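Note sheet for the following structure.
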């Protein structure tokens, strides 16, 4: 298991570096797709098909299709060198996020153990043989989820029943991004009649009365 | 976009039914097996995107007009919000699973789990139509050489 994940990780690193250094844009997009597919395979190896399916769909299918459809047919290659300040900033951010990631990984449960620790700022030390901390909320989700919600898939039970707010916020984010894209990329600007000269001039009596 | 060759158009016509079937299966069985509203919606949207890529924007607009996609996008989002508010009105809590609680004997049946299948359906409509609209918006505004955007008249 760990060997397979290591091979996948090396493959992901190689394809990420290849995506940066390829001059042909289509090859770079395909390398990004290979990175996403290897990531989906690692999710599948860790026993999370609920995450692997959206990973394959979004990262391989949609990303490649969207980028390929966005680029015009006359844009084939990238050109130009990155400047030194950009590289320096990238390295500094890489070191910063690396420190954060190592700190965060110390609080993760060990590989193959479900559920988080009840106390957030404490490194995980589970008793031997225990799969999760009985005081953590994820313990309740795993144990009682099918019985309480009626959903055989615990991930769906968490997404749409226990943590429905999260899904609602996700839908709101998607909707807002879409509205922004439609408004920014539309072809005809909405024809604006000549604005009244006074800043506070009410456009309609009802709105003006409510505002003041 | 005038579409691709006859081979691509024919294969796309064969395949799109299976793609939509897989998407609907992911949505309908989202509370029983891996899947759910979001992946199912993306699969359905990729079927429509395949249609647009193979047949071109204009003939795809005849089959599935883009204003309909925009309206369905809003309908999906509002129906998901309505399901959440239904819990507030009926059960007294936002997002309460009001319709029917699961019973252990019926755990692996499709009509189970209260509002969860309906929420999956609402999210699938919302996500698929969002991706269709986003693809239309982005494809209409292609990136040209030199980084300048150029609009193609499609509306």
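Residue numbers (my numbering), protein chains in the order written: chain A, 22 to 233; chain B, 37 to 191. Where a beta carbon is used, it is the ideal one built from N, C-alpha and C, also for glycine. Note that the structure is a prediction, hence the values are computed from the model and not measured.
Report task. Could you please give the first and the last residue of the uninterrupted alpha helix (DSSP H) stretch that includes residue 115(A)? Result -> Looking at the DSSP string, the run of the alpha helix (DSSP H) that includes residue 115(A) is 105 to 126.
(message) In this structure, how does DSSP classify residue 41(B) when only helix, strand and coil are distinguished?
(response) coil
*Around the C-beta of residue 91(B), are 16 or more other C-beta atoms found within 10 angstroms, so that it is buried, or is it exposed?*
Answer is buried; the Cβ neighbour count reaches 16.
- Who are the neighbours of residue 47(A) on chain B, taking C-beta pairs under 8 Å? Residues of chain B passing the Cβ test: none, with the nearest at roughly 14 Å.
Own chain partners of residue 182(A) with C-beta closer than 6 Å, once the 5 adjacent residues on each side are dropped
170
Note to self: Determine whether the beta carbon atoms of residue 73(B) and residue 170(B) lie at a separation below 9 Å.
What the structure shows: no
Could you check what DSSP says for residue 48(A) in three-state terms: helix, strand or coil? Looking at residue 48(A) - three-state DSSP - the assignment turns out to be helix.
Straight-line Cα distance separating residue 130(B) from residue 72(A):
26 Å
- Query: For residue 53(A), which option in 104(A), 117(A), 81(A) and 205(A) has the closest C-alpha, if you only look at C-alpha atoms?
  - Reply: 81(A)
Shorter than 9 Å from the beta carbon of residue 113(B) to some beta carbon of chain A? yes
Chain-ordered neighbours of residue 45(B) on chain A, where CB pairs are closer than 9 Å
Within chain A, no residue comes near residue 45(B); the closest Cβ sits about 17 Å away, beyond 9 Å.
Quiz item: Who are the neighbours of residue 170(B) on chain A, taking C-beta pairs under 7 Å?
Solution: 199 and 202
(message) Within a Cβ cutoff of 8 Å, which residues of the same chain sit near residue 151(B), ignoring the five residues on either side of it in sequence?
(response) 119, 122, 123, 133, 134 and 135
Q: State buried or exposed for residue 183(B), treating a residue as buried only when at least 16 other CB atoms are found within 10 Å of its CB.
A: With a pLDDT of only 45 at residue 183(B), under 50, the local geometry of the prediction cannot be trusted, and the value read off the model is given with reservation. So residue 183(B) counts as exposed.
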